[in-house]
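There are 2 protein chains.
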Amino acid sequence: MDVGERMSPPKGRVKATDVAEHAGVSIATVSLVANGKAEGRVSAATAARVRASIAALGYVVNPAARSLVTGRHHRVALVAHDIANPFIAATAAGVGEVFGKDMQLILAAATGEDGPPDIATISSFGVDGMLVNIAGIQDDPQLGEAGFPVVVLDESQGPPGLSRVYFDVGIGATQLSEHLAGLGHRVVVYLDSERVRETFDDRRERFTAAFRQHVHRAKIVSARSRIDMHVAQALVARSLPSWRRQGATAIVTATDVQAYGVLAALAAADVEVPGALSVASFDNNPIAAVTHPPLTSVDLPARELGREAALLVVDQIEKDARPGRSVILPTSLVVRRSTGPAPT
Amino acid sequence: MDVGERMSPPKGRVKATDVAEHAGVSIATVSLVANGKAEGRVSAATAARVRASIAALGYVVNPAARSLVTGRHHRVALVAHDIANPFIAATAAGVGEVFGKDMQLILAAATGEDGPPDIATISSFGVDGMLVNIAGIQDDPQLGEAGFPVVVLDESQGPPGLSRVYFDVGIGATQLSEHLAGLGHRVVVYLDSERVRETFDDRRERFTAAFRQHVHRAKIVSARSRIDMHVAQALVARSLPSWRRQGATAIVTATDVQAYGVLAALAAADVEVPGALSVASFDNNPIAAVTHPPLTSVDLPARELGREAALLVVDQIEKDARPGRSVILPTSLVVRRSTGPAPT
DNA sequence: CTGTTAGCGCTTTCAA
DNA sequence: TTGAAAGCGCTAACAG
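Shown next as structure tokens:
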């Protein structure tokens, strides 16, 4: 009705030209104001007018158009196997804590048997960086030319030139072996991850080496399972007789999730923990405190892993900090009630 | 060295013009081949040549440029409070199961006290759809004009015209109340979520109503806490004496995570479960089977929630199916050892 | 302080 | 069956 007002509202999505027209300025000015770069470049009055128009029309910058010209996506991919795993979920939460509204986390799950996504796939998402928590990708020949920073999580080895955040697993592993040795255990089942990863090799080797050092005639019985509670449970149900025949008095697992399965299997078989068999693991997820019985576990601070990795990737993206940095997080044993004296 | 070959490899990121030059075709042809639209439009020989060049140069379509012209982002946001919560993590995993390589999941955590992100913020990420698992956003006035499909998770109420997936909480809640009534409980503490959400109101109301119906002189003691194990634990530690004075013989929590805290607090206070106090909750996360003691819980299939929501949003995005659909998932009580006869 | 303009890399008519 | 060309909406020089 009023002649001074634009009558027809823009049909589709509101764009910069709509705002420009509404405010009576050029789109360059709109861009400046919309991006908070108006300070000292646009008069306060004009800026206010533009802001009012933006609010009135509900204008939101088209991110694709912006990315096309800036080359930045404000997006980082987290590549991991299973977000339902509490350790991964905690890592993601840590990443999210660090990312503000300015950086988005995209979940690139390496689900099923498609195998992990390769660099090409990830970069087809349009990301400014990548957080890798699976094995193998580091060997992707395209990694060097990824064109964006890559931070490797929970792996101490690999090509130099990549930043990484990992745990000093040796501390906790040694403490765990001393703890079990002190309780008189001599034959221990080590339930490893089926998936070969250097972090799992580390956990096993460091524990095994220290255990052999502390215990005379130590014996390690090896087993592997997927990192899945039910799979681990089924394996234990099958293998328990054999393990007991070999004299095992304790089971150590590579991850908490596997330990949950072990506890479930032992409960189902009416095996007392730690009376008949002690159980311990690596991860110390929050719920380890309330399992039946509460789980002795080497604490690997996942949330911090995520936070540190996010910090590294953001620094490389925004302040183009040099890659190749390593952040090493300490670990420590948390003793709870799932471990006790070896039965005689 | 060979005259027939392009010598200087493209400097920056490989783009369509590089491939076109390498293959001796136009960029239009490259686009066709790269998008699998070559069938019947490009000769087999040319297509093969282009594909070879794409592989040789490692060409990946620039997603921002593509989005700019197609208007599609191949990205969906999941808005939730805390990815570290096993229920949310399972939901995300379900979503990921459905999304192929063609659709990416972005995690828009409503962390901290910034409050949940609003529609404008989400759409500034560039998404084709949105999965909402928090309260409040449905009341965002901009929701109608979001410009992309929105699916509401785990809420039965709200504006029509939005698709939603939620649980028929009544079934499980009623079973739980019957279960407790049958065990002779009369005074029950209901530990609700601090965060007001219709799904939590539902859980409480349905349980309470059924319990009052089954139990003569039933009494419900109300409490609230954040959905955080340690917060719940602290609350229980403080409130336990008062609750016992009031004659409570059971604690029901709105979520498993709170129940973990309850179990931890009771274990710390040397209160026998279920001997002195029974505990039950809603969610039935996988680890509920291995808590101390294993937790009686109403199963809310989170993974399926995610799967169904993903299906709905994809249908609306790709086949522009009509919004306003509702998928209702059944629930059922899973009885474990944390509930037993009320002490006398 | 504000506007004009040249692309960013790609998809998609439309002609040839 | 292929190519030329017109934008998609925006940012960033540059000019005024």
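Chains as they are written, first to last, in our numbering: chain V, 86 to 429; chain Y, 86 to 429.
Just so you know, even glycine gets a beta-carbon here, dropped at the ideal spot from N, CA and C.
Because the structure is a prediction, the values reported are computed rather than measured.
- Under a criterion of Cβ atoms nearer than 8 Å, the residues of chain Y adjacent to residue 167 of chain V are, in order, 178.
- DSSP places residue 415 of chain V in the uninterrupted beta strand (DSSP E) bounded by 411-415.
- Per DSSP, reduced to three states, the secondary structure at residue 309 of chain Y is strand.
- Cβ neighbours of residue 109 of chain Y within its own chain (closer than 8 Å, five residues either side excluded): 134.
- The beta carbon of residue 256 of chain Y sits closer than 8 Å to those of 415, 416, 417, all from its chain and outside the five residues before and after it, given in chain order.
- When only Cα atoms are considered, residue 239 of chain V and residue 390 of chain V end up about 8 Å apart.
- The beta strand (DSSP E) runs of length 3 or more contained entirely in the segment 115-142 of chain V do not exist; there are none.
- Secondary structure within the segment 351-410 of chain V: the alpha helix (DSSP H) runs of 4 or more consecutive residues, fully enclosed, are 387-403 (chain order).
- Within the segment 188-216 of chain Y, 189, 190, 191, 192, 194, 196, 205, 206, 208, 209, 210, 211 place their CB atoms closer than 7 Å to a CB of chain V, listed in sequence order.
- Here the alpha carbon of residue 283 of chain V sits roughly 49 Å from the alpha carbon of residue 426 of chain Y.
- Residue burial annotation: residue 413 of chain Y is exposed, with fewer than 16 other C-beta atoms found within 10 angstroms of its C-beta.
- For the segment 344-355 of chain V, the beta-carbon criterion of a distance under 7 Å to any beta-carbon of chain Y is satisfied by 345, 348, 349.
- Not a single C-beta of chain Y is nearer than 8 Å to the C-beta of residue 276 of chain V.
- Scanning its chain for C-beta atoms nearer than 6 Å, with the 5 sequence neighbours on each side dropped, one finds around residue 424 of chain Y the residues 359, 363, 365, 381, in chain order.
- Residue 271 of chain V has its alpha-carbon roughly 11 Å from the corresponding atom of residue 429 of chain V.
- With fewer than 16 neighbouring CB atoms inside 10 Å of its own CB, residue 355 of chain Y falls in the exposed class.
- When the five nearest sequence neighbours on each side are left out, the beta carbons in the same chain lying within less than 8 Å of the beta carbon of residue 388 of chain V are those of 175, 176, 178, 179, 182, in order along the chain.
- Nearest C-alpha to residue 160 of chain Y among Y/185, Y/154, Y/409: Y/185.
- Contact annotation for residue 152 of chain V against chain Y: 147, 148, 149, 150, 152, 153, 211 [CB-CB distance below 9 Å, chain order].
- Within the DSSP secondary-structure output, residue 150 of chain Y pairs in no beta bridge.
- When secondary structure is reduced to three states using DSSP, residue 314 of chain Y falls in the helix class.
- Against chain V, the beta carbon of residue 371 of chain Y has neighbours under 7 Å at 314, listed in chain order.
- Among the residues of chain Y, those whose CB is under 7 Å from the CB of residue 374 of chain V are 349, following chain order.
- Residue state for residue 292 of chain V is assigned as helix, using DSSP reduced to three classes.
- The beta-carbon of residue 107 of chain V is placed no less than 8 Å from the nearest beta-carbon of chain Y.
- Put simply, the backbone Cα of residue 201 of chain V is about 8 Å away from that of residue 164 of chain V.
- For a cut-off of 8 Å, the C-beta gap from residue 212 of chain V to residue 149 of chain V is around 14 Å, too long to register as a contact.
- For residue 186 of chain V, a Cβ of chain Y is located within less than 8 Å of the residue's own Cβ.
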